[in-house]
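In this text, residue positions in the sequence shown follow the numbering used here: the first is 337, and each later residue adds one. Just so it is clear, CB atoms sit at the ideal spot from N, CA and C, and this is done for glycine as well. Everything on this sheet refers to the single structure shown next.
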Amino acid sequence: MQKQKLRDRIYSALREGDHRLTPQREAVVEVLLDNADAHLSAENIFMQTKHNYPDIGLATVYRTLELLENLGLVHRFDYGDGQSRYEVSLTAEGHYHHHLICVNCGEIGEFKDDLLDEIEEKIAAETGFVVTDHCLRLFGLCQKCQGEQDKPAEPIDK
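Quick look at the structure:
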């Protein structure tokens, strides 16, 4: 989705929810949009926002991220390293991509395919439970780390 369309969707959702669009919130949104392919921590967002708004506090960044997450505009991910990462929700539906996490270097890649549609349909048919969102994280070794190993990584036996 284009950056301007994402911005418009976020700003509209804030206005519709009677949330003020403060310069600090705008700055946080801009950092997220400028780094749409990254998985930034609140601290990363804070440091980038601080360049334009030196008086912004880390607590303001956290509150803004929490608000955006509650509105379904931002996704928060925990990759097991004790630090949450954030990214803009590219679609209103929430189903968009999955994360590939290197257990060696911590690199986070993405895989764009909704492989779980069939499972979600089966769950709905068998239990009446309707899945509205999901998060799939796959842990392994990135290509670079595989190349640095003496022995290639072994896939999990099925």
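Cβ-based neighbour list, residue i, same chain, cut-off 6 Å, excluding 5 preceding and 5 following
i: Leu-394; result: Phe-382
i: His-411; result: Glu-423 and Ser-425
DSSP beta-bridge partners of residue i
i: Asp-414; result: Ser-420
i: Leu-376; result: Tyr-422
Residue i (DSSP reduced to helix, strand or coil)
i: Leu-404; result: helix
i: Gly-445; result: strand
i: Phe-382; result: helix
i: Leu-436; result: strand
i: Arg-473; result: strand
i: Ile-300; result: In the structure as shown, the chain begins at 337 and stops at 494. Residue 300 is therefore absent and cannot be evaluated.
i: Thr-468; result: coil
i: Arg-356; result: coil
i: Lys-339; result: helix
i: Cys-481; result: helix
i: Glu-454; result: helix
Same chain only: Cβ atoms within 8 Å of residue i, ignoring 5 sequence neighbours per side
i: Phe-413; result: His-375, Ser-420, Arg-421, Tyr-422, Glu-423, His-435, Cys-471 and Arg-473
i: Lys-460; result: The amino acid occupying residue 460 in the given sequence is Ala; Lys does not appear at that position. Only Val-466 and Val-467 meet the Cβ criterion.
i: Asp-417; result: Gly-442
i: Asp-354; result: none
Close-in-space but distant-in-sequence residues of the same chain around residue i (CB under 7 Å, 5 per side omitted)
i: Phe-475; result: Ile-437 and Val-439
i: Thr-396; result: Gln-360
Top-ranked residue by Cα proximity to residue i, from the options
i: Gln-384; options: Arg-345, Glu-366, Leu-426 and Cys-478; result: Glu-366
i: Lys-448; options: Gln-482, Asp-373 and Thr-400; result: Asp-373
i: Asp-450; options: Cys-441, Asp-469 and Gly-416; result: Asp-469
i: Gly-442; options: Gln-485, Lys-480, Ile-346 and Glu-462; result: Lys-480
So, does the stretch 346–355 touch the stretch 384–394, judging by three or more C-beta pairs under 8 Å?
no
If we count Cβ pairs, one from each stretch, closer than 8 Å, do we get three or more for the stretch 357–376 versus the stretch 399–409?
yes
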